[in-house]
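There are 4 protein chains.
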Amino acid sequence: MTDNARRRSRERLEERERGILDAATKLFATAGFHATSTRKIAAAAGVSEGTVFHYFGSKNELMLGILDRFYNEVLNPRAAEILDTIMDTRGRLRALAVHHVSSLAADSALMMRLLQVYVGVDLEILGQDKQSPLRDLNRSYVGHLDRAVREGIERGDLRSNLETRPLRDLFFGTLEYGLRTHMYRHGTEGLDSYVDALLEPLWEGLSQSHRSKTPAQLTERLEEACERLERTADRWETAKH
Amino acid sequence: MTDNARRRSRERLEERERGILDAATKLFATAGFHATSTRKIAAAAGVSEGTVFHYFGSKNELMLGILDRFYNEVLNPRAAEILDTIMDTRGRLRALAVHHVSSLAADSALMMRLLQVYVGVDLEILGQDKQSPLRDLNRSYVGHLDRAVREGIERGDLRSNLETRPLRDLFFGTLEYGLRTHMYRHGTEGLDSYVDALLEPLWEGLSQSHRSKTPAQLTERLEEACERLERTADRWETAKH
Amino acid sequence: MTDNARRRSRERLEERERGILDAATKLFATAGFHATSTRKIAAAAGVSEGTVFHYFGSKNELMLGILDRFYNEVLNPRAAEILDTIMDTRGRLRALAVHHVSSLAADSALMMRLLQVYVGVDLEILGQDKQSPLRDLNRSYVGHLDRAVREGIERGDLRSNLETRPLRDLFFGTLEYGLRTHMYRHGTEGLDSYVDALLEPLWEGLSQSHRSKTPAQLTERLEEACERLERTADRWETAKH
Amino acid sequence: MTDNARRRSRERLEERERGILDAATKLFATAGFHATSTRKIAAAAGVSEGTVFHYFGSKNELMLGILDRFYNEVLNPRAAEILDTIMDTRGRLRALAVHHVSSLAADSALMMRLLQVYVGVDLEILGQDKQSPLRDLNRSYVGHLDRAVREGIERGDLRSNLETRPLRDLFFGTLEYGLRTHMYRHGTEGLDSYVDALLEPLWEGLSQSHRSKTPAQLTERLEEACERLERTADRWETAKH
DNA sequence: GATGAATGAGAGTTCATTCAT
DNA sequence: GATGAATGAACTCTCATTCAT
């Protein structure tokens, strides 16, 4: 077999794998994990049932493959890019949020369904196994938020007494719940600005600027500064005369 | 049949219905909706398989029955009571949150599992039917939060520019996501204080109180300070010449 | 439900169970365990596939059910009857042998096939589990041979130094192997007399009569007896004269 | 291609074939024919799935190949050697028995499993085809026992009225059944001495030796004794009168 | 000659639901 | 009203075998 042939062969394999993943993703997202049979997936992917199991040993591993691909090809790369490109904390959080929400909403349009259901699948099948590959994937993704927060605190953008875990829940819980309710009512229309509506009060609760110094304190300081300036001006005037 | 007999008969019926609901709730919560067969439910309830369908028509209606009972007997009454008893907004939100979380976590210990899975069931089977009885139940329950927020704004406890919908997502999204992650790690241990950890930054973002000066007032003061600075500057200029 | 109805209902259940067992027995015996699908069994029994599993939780339990019935309704009762009716050891062994062989050969004509294959199934599925119900069934059946041997030794019909275990192997091993080869060549024709041909050398090896007293010894004794008679006769004759 | 290269190529082929046979033998013996997939065999042999079929055409032919090799490389050669080396009938039977049993038990430790299962396979797939290659193999192997018996009778070691076929059943039936039960309880431990325990009663039933008087001779002696008794009786009668 | 991806029929089993009793 | 035997479609998954490379 020539190198060329081998390469072409590999490409075909990957194409097929992708095809199955695509079909399964769409079906799971549309009808749910349990309501989608492997037969339907095979048919939708244009392969035989055996082939599905040839590539992914079981329906569960297929699901895992979907999530793996989603995390590795969609969620993680862009999240990393965001942190590398955007530096101000507010902008980072906003970008991460929009990315998260639109990734879930995009593509199969209802990928979020998949995740919800998967939580069930996960518990049902993987049990309390803390080594679950899904956990690892999730951990690495969540790390991006953690980093944004950590650096935000270091720069003084965020309150210093914020704990990591509740923050994750605030961020992802709000976004996913919000995505669900928003899409239920308006589909993907106006999703970005809804994310802003969700983030605004959250930001208020997290940010440092008008906080450890409250607006009141800030005002006081401004007034003090003015007074000092005035006194200085007075002294100068007096000295002149 | 005497009235007495009729009454006793009715009681028996209700008792049986309750028994089935109890068994199904526990099983759904423990193993998930799809992993629980009607046969197991019947066995756990101590009735025949046919009887389950006698009372609930189908497995889906049984699930609906569980949620109906949960909303009507657990979630709603206590939420109403909270709003009737507690008056300060911070206390109300905290009580609603603890109630929500502990209701989901209590009793069957994993009732939340049920809800997650149910979302799947709901979409799978009831489709996008906006008339779904589940929606009604949910709407009425969510109303309690809406009321607490509305009254909180009226009393000046909360910022006046808060929108209802994002608030719901912030509140329930954070709580349910947090409940999930917390229970995954620690079970029901320390759940209440974790709710506090979740609510604190949220409250910071929502409350009015510590903004002793609103942005509007702040602007006024800044204007004044600027004017004074300008006057000072004028004086210097005059003095120079 | 009247008692009558309940009885009739029970009868129908048993009839159905019997029907499934009959169908499965025939198919297993004809085509082998692995080559017989539960679907075929259901069809042959005139019931739905679900019903087969309703009565026997799995294909393996169905097989166990067949063997259970075979031991309890065919093998054991007649074996017990033989020991109660026939008293001489030779006759007992012969009757047990004929019974064993003809039971295996009869009915489904190839029930023996089933046993062979089942040994495989047993090891495959029940593993080395010494608690296997099959072992119990077999133990109780083998007990009949053991008893015949024990009593045969007590009565002096059999050599006293025979061990139980090798005897079982000699008896059942020979019979089953012989049954197999005989049926392979002649079907059930002349089976009984073939059993005799198998038993004859076996009996020669087991029996006491012409053994602890060999034919030679026996002859000697006869001669001694004759001599004594002759001597006596001599004495009488002398005395007379 | 040089002759050398051709030879090396042939060697490689044979090595590969042997590797597949080895792997299949072990797996069949361990897990059974049906529970062993061709995929597992290929993996265990370190070849691709296609290669297995390249060499053996089908799973059944592979099984046949195993048996063929077993008969031709293990069973038959040593059996022939035994008959060529050992001359006394008792010793021959013992050696054949030990050889048979230990060959089945050895190597893959449970090769006997294979045979049991194979009987099933054979009937299932090769049907009643009397031309089955397995039959030929078996016939040639059984011939060794036949010869030992024939010559044993000729030498006067064995009773002259023994039939070939029942003898085969006695011999192989007892040994295989005994092997099965013994290995079930003790593995390969003490197998040889168990063979002795099986053979002893068998030998008693077959041998001529200790019948220092054959039935025919016995009859003669009995006739003589009777005649003497009759003569005695006659004398008495004469004397009386 | 060797590979291993692809196949698709068929396996055992489950399950919500029905209905005669 | 309550039962539970009966259903049969549908499920996930396995497997010997083929064939393009």
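Chains as they are written, first to last, in my numbering: chain V, 691 to 931; chain D, 691 to 931; chain F, 691 to 931; chain E, 691 to 931.
For every residue, glycine included, the Cβ atom is placed at its ideal position computed from N, Cα and C.
Keep in mind that this is a model prediction, so the values were computed, not measured.
Check whether the Cβ atoms of residue i and residue j lie closer than 8 Å to each other.
i          : j          : result
Ala-787(D) : Leu-881(D) : no
Arg-782(F) : Ala-838(F) : yes
Ala-796(D) : Met-873(D) : no
Asp-847(V) : Thr-779(V) : yes
Leu-757(V) : Leu-827(V) : yes
Gly-709(V) : Gly-736(V) : yes
Thr-726(V) : Phe-718(V) : yes
Asp-865(F) : His-790(F) : The amino acid at residue 865(F) is misidentified as Asp; the sequence shows Leu. Yes, the Cβ-Cβ distance between Leu-865(F) and His-790(F) is below 8 Å.
Ala-941(D) : Tyr-831(D) : No answer is possible for residue 941(D): it lies beyond the span of chain D, which begins at 691 and ends at 931.
Going by DSSP, what residue range makes up the alpha helix (DSSP H) through residue i?
i          : result
Arg-829(V) : 823-844
Thr-728(E) : 728-735
Arg-865(D) : Arg is not the amino acid found at residue 865(D); the sequence shown has Leu there. Unbroken alpha helix (DSSP H) run through Leu-865(D): 864-876.
Arg-858(F) : 854-858
Assuming the contact rule is C-beta atoms closer than 8 Å, residue i and residue j should be a hit. Round their C-beta distance to whole Å, please.
i          : j          : result
Pro-891(F) : Leu-852(E) : 7 Å
Gly-863(E) : Glu-894(F) : The pair is not a contact, with the Cβ atoms about 17 Å apart (cut-off 8 Å).
His-724(D) : His-834(V) : The pair is not a contact, with the Cβ atoms about 33 Å apart (cut-off 8 Å).
Any chance the CB of residue i is under 7 Å from a heavy atom of the ligand ADP?
i          : result
Ala-734(D) : With respect to small molecules bound, the structure shown includes none, and the ligand ADP cannot be examined in it.
| said: Quick check: the region 703-722 of chain F against the region 745-761 of chain F, are at least 3 beta-carbon pairs closer than 8 Å? | reply: Because the criterion of three Cβ pairs below 8 Å is met, the region 745-761 of chain F and the region 703-722 of chain F touch.
| task | Specify whether the region 862-882 of chain D and the region 858-868 of chain V touch according to this definition: at least 3 beta carbon pairs, one from each stretch, less than 8 Å apart. | result | The region 858-868 of chain V and the region 862-882 of chain D touch, with three or more beta-carbon pairs separated by less than 8 Å.
| message | Quick check: the region 764-778 of chain V against the region 732-740 of chain V, are at least 3 beta-carbon pairs closer than 8 Å? | response | No, because fewer than three Cβ pairs between the region 732-740 of chain V and the region 764-778 of chain V fall closer than 8 Å, the two stretches do not touch.
| request: Identify every run of the alpha helix (DSSP H) within the region 718-788 of chain E, keeping only runs that are complete inside it and at least 4 residues long; order them along the chain. | output: Counting whole runs of 4 or more residues, the region 718-788 of chain E contains the alpha helix (DSSP H) stretches 728-735, 739-746, 749-759 and 766-775.
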